[in-house]
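Numbering (our numbering), first residue to last: 891 to 1226.
Working notes, beginning with the structure itself.
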């Protein structure tokens, strides 16, 4: 995953054999396939715009690759029927693409790739053109299909929710540079730099200086107070660092200050049904976001004074902005 222009699709096309890398190798299952033509790589690419043949029926679209492999008619018919059944389109063989909804078209595109039993399935933001509810439904179905067929898949997206829900492992890239690779929970809870932390979900960031180490934690002095957090790597005294904590890890109340605690006032509240985003301002006007669950409108009042606190193990101390020098993170993430 990565922002627009980071190189996601370029990388996918290199894996598929549609582009030749200027350097390095493409290795699949231990075999160097850099110079292998696309049709011999045993990979299959699913495009964002479905790329269905409009003059062919669903069945003809799905069987297209099998015909190129010159399989016998009975085998083709059996494989197409089985694959359409797995993805919930049993009986759709004779329908035309124009008769399908967006979600059904996407399923046909997936079926056309699955029926070939590729060693590697490549997804180029396949859900980008679907509405939110359909995206969520398709995420569930793609996960189920992945388990049913036991395939390895490379899925590119700039959508952090999709990345977290679909991926077993994530690679965050930025301007062609790999920022971090790891399991989803490792990257979400233990980002290696500010770019990765901010790109993969919401996170509150305070500037500070290293004030010392206390056991496994690093103490950071910020203008809002002195706080403890988990540190990655070595930190020298007085080094400039970034103190980060996810909104859902914050807790609020009116209790007296404790470790990792600061006074704040409510700026505004954005209700989203099952949760509310509460924007808080610390004494020195640094703003943070707090996620509150199971609340009703009016729970948090504007200008209400609160005590904000969090556990040291829920905060991370970072020394690096990004592996790419001189970048504007806000412009990359928000496009402005």
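Cβ atoms here follow ideal geometry from the backbone N, Cα and C, with glycine treated the same way.
Please read all numbers here as calculations on a predicted model, not as lab measurements.
Cβ contact check for the stretch 1022-1029 and the stretch 967-981: 3 or more pairs under 8 Å: no
On the DSSP bridge list, what partners appear for residue 1175? On the chain shown, position 285 is the one that residue 1175 refers to. In the DSSP output, where bridge partners are listed per residue, residue 1175 has none listed.
Determine the direct distance from the alpha carbon of residue 902 to that of residue 925, and round the result to whole angstroms. To locate residue 925, count along the chain shown from 1; it is residue 35. To locate residue 902, count along the chain shown from 1; it is residue 12. Distance between the alpha carbons of residue 925 and residue 902 is about 15 Å.
For residue 944 and residue 899, what's the separation of their Cα atoms in angstroms? Within the chain shown, the letter at position 54 stands for residue 944. Within the chain shown, the letter at position 9 stands for residue 899. The alpha-carbon atoms of residue 944 and residue 899 are separated by roughly 24 Å.
With 16 as the cutoff for other CB atoms within 10 Å, does residue 930 come out buried or exposed? For the purposes of this step, residue 930 is taken as residue 40 along the chain shown, with counting starting at 1. Per the 10 Å Cβ criterion, exposed.
Alpha carbon to alpha carbon, how far is residue 1047 from residue 1017? Give it in angstroms, no decimals. Against the chain shown, residue 1017 aligns to sequence position 127. Against the chain shown, residue 1047 aligns to sequence position 157. The straight-line gap from Cα to Cα measures roughly 9 Å.
Determine whether the beta carbon atoms of residue 1125 and residue 1118 lie at a separation below 8 Å. Translated into the one-based positions of the chain shown, residue 1125 becomes position 235. Translated into the one-based positions of the chain shown, residue 1118 becomes position 228. Taking 8 Å as the Cβ cut-off, residue 1125 and residue 1118 do not qualify as a contacting pair.
Between which residues of its own chain and residue 1078 is the CB-CB distance below 7 Å, once the five residues before and five after are set aside? What you label residue 1078 is simply residue 188 of the chain shown in a count that begins at 1. Here the set comprises 1054, 1090 and 1091.
Find out if the Cβ-Cβ distance for the pair residue 1013, residue 991 is shorter than 8 Å. Numbered from 1 along the chain shown, position 123 holds the residue referred to as residue 1013. Numbered from 1 along the chain shown, position 101 holds the residue referred to as residue 991. Cβ atoms of residue 1013 and residue 991: not closer than 8 Å.
Please identify the residue among 1159, 1095 and 958 whose C-alpha is closest to the C-alpha of residue 1189. On the chain shown, position 299 is the one that residue 1189 refers to. Minimum Cα distance to residue 1189 is reached at 1159.
Buried or exposed: where does residue 957 fall if 16 or more other Cβ atoms within 10 Å of its Cβ makes it buried? As a position in the chain shown, residue 957 is number 67, starting the count at 1. If you draw a 10 Å sphere on the C-beta of residue 957, you find fewer than 16 other C-beta atoms in it, and that means exposed.
Distance between residue 1005 and residue 1035 (C-alpha atoms, nearest Å): One-based indexing of the chain shown puts residue 1035 at position 145. One-based indexing of the chain shown puts residue 1005 at position 115. Those two C-alpha atoms are separated by around 12 Å.
For residue 1018, name the three-state secondary structure that DSSP assigns. In the chain shown, residue 1018 corresponds to position 128, counting from 1. In this structure, DSSP gives residue 1018 a state outside helix and strand, which the three-state scheme calls coil.
First through last residue of the beta strand (DSSP E) which encompasses residue 1068: Counted from its first residue, the chain shown places residue 1068 at position 178. Annotation for residue 1068: the continuous beta strand (DSSP E) segment containing it runs 1067-1073.
Cut-off 6 Å between Cβ atoms - residues of its own chain near residue 941, not counting five sequence neighbours on either side: Your numbering for residue 941 matches position 51 in the chain shown. None.
CB-CB length for residue 949 against residue 983, believed under 8 Å: Here residue 949 refers to the residue found at position 59 when the chain shown is read from its first residue. Here residue 983 refers to the residue found at position 93 when the chain shown is read from its first residue. Going by Cβ atoms, the distance from residue 949 to residue 983 rounds to 3 Å, so yes, they are a contact pair.
Status (buried if at least 16 other CB within 10 Å, exposed otherwise) for residue 1052: Residue mapping note: residue 1052 aligns to position 162 of the chain shown, counting from 1. With 16 or more neighbouring CB atoms inside 10 Å of its own CB, residue 1052 falls in the buried class.
Run the CB neighbour count on residue 1144, radius 10 Å, all protein chains shown included, and call it buried at 16 or more, exposed below. Taking the chain shown and counting its residues from 1, the one referred to as residue 1144 is at position 254. So residue 1144 ends up on the exposed side.
Got a sec? Which residues, its chain only, sit under 7 Å from residue 1086 by beta carbon, not counting five neighbours each side? In the chain shown, the residue the question calls residue 1086 occupies position 196. Here the set comprises 1062, 1069, 1070 and 1077.
How is the alpha helix (DSSP H) around residue 1050 delimited, first residue to last? Taking the first residue of the chain shown as 1, we reach residue 1050 at position 160. Looking at the DSSP string, the run of the alpha helix (DSSP H) that includes residue 1050 is 1050-1056.
Going by DSSP in three states, residue 1099 sits in which element: helix, strand or coil? Counting from one through the chain shown, the residue named residue 1099 turns up at place 209. Correct three-state label for residue 1099: strand.
Neighbour-count burial assignment, residue 1066, 16 or more Cβ in a 10 Å radius: Looking up residue 1066 in the chain shown gives position 176. With fewer than 16 other Cβ atoms within 10 Å, it is exposed.
Taking Cβ to Cβ, would you say residue 1099 is nearer than 8 Å to residue 1084? Here residue 1099 refers to the residue found at position 209 of the chain shown. Here residue 1084 refers to the residue found at position 194 of the chain shown. For residue 1099 and residue 1084, no; Cβs fall outside 8 Å.
Using the C-alpha atoms, what's the distance from residue 907 back to residue 998? Along the chain shown, one-based indexing puts residue 998 at 108. Along the chain shown, one-based indexing puts residue 907 at 17. Roughly 23 Å separates the two Cα atoms.
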